[in-house]
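K.L.:
After the structure tokens below, expect a handful of questions from me.
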Amino acid sequence: MKRTAFLNARLIDPAANLDAAGALLVEDGKIADAGPRLFNDAKPASADIVDCGGQVLAPGLIDLRVFTGEPGAEHRETLASAGESAAAGGITSFAMMPVTDPVIDDAALVDFIKRRAAANAKVNVYPAAALTQGLKGGQMAEIGLLQEAGAIAFTDADRTIASTLIMRRCLTYAANFDALVIAHAEDPHLAAVGHMNEGAFAARMGVGGIPAAAEAIIVERDLRLVELTGARYHLGQVSTAAALEIVAKAKARGLPVTCAVSAHHLVLNEQDIGEYKTFAKVSPPLRSEDDRKAMVEGVRSGIIDAIVSSHDPQAPETKRLPFAQAAYGAVGLETLLPAALSLHHDGGISLIDVLRRLTIQPAKLLRLDAGRLAKGAPADLVLFDPGSPRKIDPAEFRSRCKNSPFKGRLMQGRVLRTVVGGQTVFSAT
Amino acid sequence: MTGLFARQHLLAIAPLTRHEIESLLDLGAEYVDLNRQISKKRDTLRGRTLINLFFEPSTRTQSSFELAGKRLGADTMNMSVNQSSLKKGETLIDTATTLNAMRPDIIVIRHQDSGAVALLADKVSCSVVNAGDGAHEHPTQALLDALTIRRRLGRIEGLTVAICGDVMHSRVARSNVHLLTKLGARVRLVAPRTLMPAGAATWGAEIFTDMREGLKGADIVMMLRLQMERMTGSFLPSQREYFHFYGLDREKLALAKPGALVMHPGPMNRGVEIDSAIADDIDRSIINEQVEMGVAARMAVLDALSRQLPNAERKI
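Encoded structure:
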């Protein structure tokens, strides 16, 4: 039996509302024990010892929104490189978006991703499958068969289903299998003519705008359909105060609705596009400062359930272009933790509440037996120094792509060690 | 015998009483026996004219009515829409009044729109039989199904009948729910949510979206045809997924009562809603028997209606 003892740690387990000095014991890939009094009297016998040096030991982060390039665009990211990048970011599990070539809309492809990830990725990869075949917004995907094959959720990822009728049928059918639907909320007709948030800044830059209403319109539509169908609905990324208000009302009515926010929407606003920086071109677009503040408030109040990286690796040939022609997307696996920690350092949100939205909350959403430091749970852990200052240098990223909007930014938080199933998959040198 | 059934038309099961239904079934049972004899001919409808007016293609229902009319001695005529003046722009009601002027005694009508048969019945002086209107009712199908069950199991009261599949588009399901519940059966509706109409829970049947649960302990498994021709806008992802979760195969049938009987109104989509091995299993499938009962049930309906015609010789 392989045993590893993590001593001298600051244990933070949001699921148990625990934030205390203590120790944790891993046996055969699972958490055997954890708590403030563990090993107070005697050192563990016959176990490898990790001295945590008083740093934070928490459940490994769970990221609900990651794009890779495998299969089909391996030059952008493979499952292996995404796994390396995630491990370096303290992320032990992620849901993978089905935007691949071919699209993950067939049970055999779900099986392919699971096998490839098990063989090549250092962290747990949970493939999400397409909600409609080919992500085309028409014929629904084989939700039942895909779910049996192991698809964790159903989503057209970065596309909104334009037809209200098709969306209704998809939600009705998903409810039939109690499947989680992850939606992208952006009215496709309004968004088609824009590239950044609509407003004075976009007008001055001469770039077509996407109004905040494009998000609110679809969220309102979708939540009416949730009420009609009873489907489990997760808004993949909320970016506007208007949409958040609609989600809050739906939650108050008891609808099965959750939402997440991307790290970059918590930290950056439209002004960070600066001189047409395409690394800051993301979908939905970076919004106004008022919207950004509303997102931080949403995390604080709990209306926002999870924080995600929206990791979307783009190669230079899709980013080194005029702003309007450049692809959407930003890498984020290795900046998720420091970006989220800024809510603690600058936003006054407790560390345990920030971590709650990165661990147990996304785990519950995906119905994973992870995201907590409980006995018997898989030993997926992150050891990090929450205060350590750093300047973000994408050249250090393990990801194959370096398109980070946080490039050169001063942030706090450094991952020291990442453990998946009891195995150390990343260790800071 | 049919003294309890005193209507000009048979448009739906919903308004019928249990006694009306039972009198039609009793009469149907007599015609089953007649149909098994060498001489199947009666002169009940001698001199009468029966028109089959089908706005939707049909093989078995139309031929079943035609045969029923002929065996009862009526002059029968088939009209299908591709020959009719409706193609030339005539309205439905004009077609009805034109036909009515030819003084038929009974018109059997199938139409793709719910309520269309009742609309026509309002405009004619003869009797009208609904041979299926949209997703509303198909009363003679429910009667023949009941006749089949009654002859096989001796009763309907107390049986558990699982009606499975495309409930949304099915007039067969609606007529059967009405008839079977009136006769005291426990009816279950089994369908994926996209094919279960909103409000089906108020029909007096139990609702299941998991077929395995819905089949548990059923005496009768009644499969519905997946009506792909009526589907626009993605009700289902694919036929293979539908068969996997809602197709009747040996494994799922094993959850029903041992020896449970399998029915299907036809035409079947083999490998979509029913496995061929089940459809052809002579111990379980009574699908061909349903076709036989169809002629008898329709003879009973035509007979009963003809007794109500204004110039009928009363033979009570």
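In order, the protein sequences belong to chains D and Z.
Under our numbering, the first residue of the first sequence carries the number 1, and numbering increases by one thereafter.
Under our numbering, the first residue of the second sequence carries the number 1001, and numbering increases by one thereafter.
Positions of the beta carbon are idealized from the N, C-alpha and C atoms, including for glycine.
Just so we're clear, the structure is a prediction, and the values are computed from it rather than from any experiment.
Name the chain D residues that come within less than 7 angstroms of Arg1193 of chain Z, Cβ to Cβ?
P.N.:
Here residue 1193 of chain Z is taken as the residue at index 193 of the second sequence, counted from 1. Here the neighbours are Thr172, Tyr173, Ala175 and Asn176.
K.L.:
Spell out a yes or no on whether the region 399 to 416 of chain D and the region 1003 to 1016 of chain Z are touching, meaning 3 or more CB-CB pairs, one atom from each, closer than 8 angstroms.
P.N.:
no
K.L.:
Let me know if Ser1093 of chain Z comes out buried or exposed under the rule of 16 or more other beta-carbons within 10 Å of its beta-carbon.
P.N.:
One-based indexing of the second sequence puts residue 1093 of chain Z at position 93. Checking the sequence, you will find Ile at residue 1093 of chain Z rather than Ser. Its Cβ having fewer than 16 others within 10 Å, Ile1093 of chain Z is exposed.
K.L.:
Looking at Asp380 of chain D: is its Cβ nearer than 8 angstroms to the Cβ of Gly332 of chain D?
P.N.:
On the first sequence, position 380 is the one that residue 380 of chain D refers to. On the first sequence, position 332 is the one that residue 332 of chain D refers to. No.
K.L.:
Helix, strand or coil: which one does DSSP assign to Arg3 of chain D?
P.N.:
The residue you call residue 3 of chain D lines up with position 3 of the first sequence. If DSSP states are grouped into helix, strand and coil, Arg3 of chain D belongs with the strands.
K.L.:
For Ile113 of chain D, return the contacting residues in chain Z, with the cut-off set at a CB-CB distance below 7 angstroms.
P.N.:
Numbered from its first residue, the first sequence carries residue 113 of chain D at position 113. Neighbours of Ile113 of chain D on chain Z: none; closest Cβ ~19 angstroms, over 7 angstroms.
K.L.:
Just to check, is the beta-carbon of Thr1194 of chain Z closer than 7 angstroms to a non-hydrogen atom of the ligand ZN?
P.N.:
The model on display carries no ligand, and the ligand ZN is accordingly not part of it.
K.L.:
Report the three-state DSSP secondary structure of Ala241 of chain D (helix, strand or coil).
P.N.:
On the first sequence, residue 241 of chain D is found 241 positions in, with the first residue counted as 1. Three-state DSSP puts Ala241 of chain D in a helix.
K.L.:
In this structure, how does DSSP classify Ile392 of chain D when only helix, strand and coil are distinguished?
P.N.:
Position 392 of the first sequence, counted from the first residue, corresponds to residue 392 of chain D. Here Ile392 of chain D sits in coil by DSSP.
K.L.:
Got a sec? Which residues, its chain only, sit under 6 angstroms from Lys281 of chain D by beta carbon, not counting five neighbours each side?
P.N.:
Taking the first sequence and counting its residues from 1, the one referred to as residue 281 of chain D is at position 281. Excluding positions up to five away in sequence, the list reads Ala326 and Tyr328.
K.L.:
Indicate whether Leu266 of chain D and Leu343 of chain D have their beta-carbon atoms separated by less than 8 angstroms.
P.N.:
Residue mapping note: residue 266 of chain D aligns to position 266 of the first sequence, counting from 1. Residue mapping note: residue 343 of chain D aligns to position 343 of the first sequence, counting from 1. Their beta carbons are under 8 angstroms apart, which means Leu266 of chain D touches Leu343 of chain D by this criterion.
K.L.:
Does DSSP put Ser404 of chain D in a helix, a strand or coil?
P.N.:
The sequence position of residue 404 of chain D within the first sequence is 404, counting from 1. Note: Ser404 of chain D maps to coil in three-state DSSP.
K.L.:
According to DSSP, what are the bridge partners of Gln423 of chain D?
P.N.:
The residue labelled residue 423 of chain D in the question sits at position 423 within the first sequence. Answer by DSSP bridge pairing, in chain order: D:Val420.
K.L.:
Can you list the residues of chain D that Thr1209 of chain Z reaches, using a CB-CB cut of under 7 angstroms?
P.N.:
The count along the second sequence starts at 1 and reaches residue 1209 of chain Z at position 209. Those within 7 angstroms of Thr1209 of chain Z in chain D are Asn176.
K.L.:
Listing by chain order, which chain Z residues have their CB less than 7 angstroms from the CB of Arg169 of chain D?
P.N.:
Numbered from its first residue, the first sequence carries residue 169 of chain D at position 169. The answer, in chain order, is Thr1194, Gly1233, Ser1234 and Phe1235.
K.L.:
State the DSSP-derived secondary structure class of Lys1315 of chain Z, mapped to helix, strand or coil.
P.N.:
For the purposes of this step, residue 1315 of chain Z is identified with residue 315 of the second sequence, where counting begins at 1. A caution first: Lys1315 of chain Z carries a pLDDT of 47, below 50, which makes its placement in the model too unreliable to give a value.
K.L.:
Which partner residues of Met1223 of chain Z appear in the DSSP bridge assignment?
P.N.:
Counting from one through the second sequence, the residue named residue 1223 of chain Z turns up at place 223. The partner list for Met1223 of chain Z (beta bridge, DSSP) reads Z:Cys1164.
K.L.:
Hey, quick one: how far does the alpha helix (DSSP H) through Lys364 of chain D stretch, first residue to last?
P.N.:
To locate residue 364 of chain D, count along the first sequence from 1; it is residue 364. Note, Lys364 of chain D: alpha helix (DSSP H), Ile360 to Leu366.
K.L.:
Could you compute how far the alpha carbon of Glu215 of chain D sits from the alpha carbon of Lys249 of chain D?
P.N.:
Residue mapping note: residue 215 of chain D aligns to position 215 of the first sequence, counting from 1. Residue mapping note: residue 249 of chain D aligns to position 249 of the first sequence, counting from 1. Cα to Cα, Glu215 of chain D sits roughly 16 angstroms from Lys249 of chain D.
K.L.:
Quick check: is the beta carbon of Thr1002 of chain Z nearer than 8 angstroms to any beta carbon in chain D?
P.N.:
Stepping through the second sequence from its first residue, residue 1002 of chain Z is reached at position 2. Here the model assigns Thr1002 of chain Z a pLDDT of 46, short of 50, so the residue's position is not dependable, and the following value carries that caveat. Output row for Thr1002 of chain Z: interface = no.
K.L.:
So with CB distances below 7 angstroms, who are the chain D contacts of Ser1238 of chain Z?
P.N.:
Taking the second sequence and counting its residues from 1, one reaches residue 1238 of chain Z at position 238. The answer, in chain order, is Glu142.
K.L.:
Quick check: what's the CA-CA separation for Cys52 of chain D versus Thr68 of chain D?
P.N.:
Translated into positions along the first sequence, residue 52 of chain D becomes position 52. Translated into positions along the first sequence, residue 68 of chain D becomes position 68. Taking the straight line from one Cα to the other gives about 32 angstroms.
K.L.:
Buried or exposed: where does Gly1047 of chain Z fall if 16 or more other Cβ atoms within 10 Å of its Cβ makes it buried?
P.N.:
In the second sequence, the residue the question calls residue 1047 of chain Z occupies position 47. Burial state of Gly1047 of chain Z is exposed, judged by a 10 Å Cβ sphere holding fewer than 16 other Cβ atoms.
K.L.:
What does a CB cutoff of less than 8 angstroms around Leu1253 of chain Z pick up in its chain, not counting 5 residues either side in sequence?
P.N.:
Working through the second sequence from its first residue, we reach residue 1253 of chain Z at position 253. Within the same chain, Leu1215, Val1221, Ala1260, Val1262, Ile1278 and Arg1284 come within 8 angstroms of Leu1253 of chain Z by CB-CB distance, once the 5 residues on both sides are set aside.
K.L.:
Per DSSP, what kind of secondary structure is Arg1007 of chain Z in: helix, strand or coil?
P.N.:
One-based indexing of the second sequence puts residue 1007 of chain Z at position 7. Coil.
K.L.:
Tell me Ile1038 of chain Z's beta-bridge partners as DSSP assigns them.
P.N.:
Within the second sequence, residue 1038 of chain Z is the residue found at index 38, counting from 1. Answer is none; Ile1038 of chain Z lacks a bridge partner.
K.L.:
Is it right to say Gly206 of chain D is buried, meaning 16 or more other beta carbons lie within 10 angstroms of its own, or is it exposed?
P.N.:
Within the first sequence, the letter at position 206 stands for residue 206 of chain D. Classification of Gly206 of chain D: exposed, given that the 10 Å Cβ count is below 16.
K.L.:
In this structure, how does DSSP classify Thr1049 of chain Z when only helix, strand and coil are distinguished?
P.N.:
For this step, residue 1049 of chain Z is matched to residue 49 along the second sequence. In the structure shown, Thr1049 of chain Z sits in a strand (DSSP, three-state: E or B).
K.L.:
Quick check: the region 72 to 81 of chain D against the region 358 to 374 of chain D, are at least 3 beta-carbon pairs closer than 8 angstroms?
P.N.:
no
K.L.:
Tell me which same chain residues have a C-beta within less than 8 angstroms of the C-beta of Ala175 of chain D, skipping the five on either side of it?
P.N.:
As a working note, residue 175 of chain D is residue 175 in the first sequence. The answer, listed in chain order, is Thr229, Gly230, Ala231 and Arg232.
K.L.:
Answer with yes or no whether the minimum CB distance from Ile152 of chain D to chain Z is below 8 angstroms.
P.N.:
Your numbering for residue 152 of chain D matches position 152 in the first sequence. No, no contact with chain Z.
K.L.:
Under 7 angstroms, CB to CB, which of the residues in the region 1240 to 1264 of chain Z have a partner in chain D?
P.N.:
Glu1241, His1244 and Phe1245
K.L.:
Going straight from the alpha carbon of Gly35 of chain D to that of Ala23 of chain D, what length do you get?
P.N.:
Taking the first residue of the first sequence as 1, we reach residue 35 of chain D at position 35. Taking the first residue of the first sequence as 1, we reach residue 23 of chain D at position 23. So the two alpha carbons sit approximately 6 angstroms from each other.
K.L.:
Tell me the DSSP bridge mates of Val1108 of chain Z?
P.N.:
Position 108 of the second sequence holds residue 1108 of chain Z. Answer is Z:Asn1052 and Z:Val1129.
K.L.:
Could you tell me which chain Z residues have their CB closer than 7 angstroms to the CB of Leu145 of chain D, listed as they occur along the chain?
P.N.:
Here residue 145 of chain D corresponds to residue number 145 of the first sequence, with the count starting at 1. Simply Glu1241 and His1244.
K.L.:
8 angstroms is my cut-off, CB to CB: does Gly138 of chain D come that close to chain Z?
P.N.:
Taking the first residue of the first sequence as position 1, residue 138 of chain D is located at position 138. Taking Cβ atoms only, chain Z reaches closer than 8 angstroms to Gly138 of chain D, which makes this a yes.
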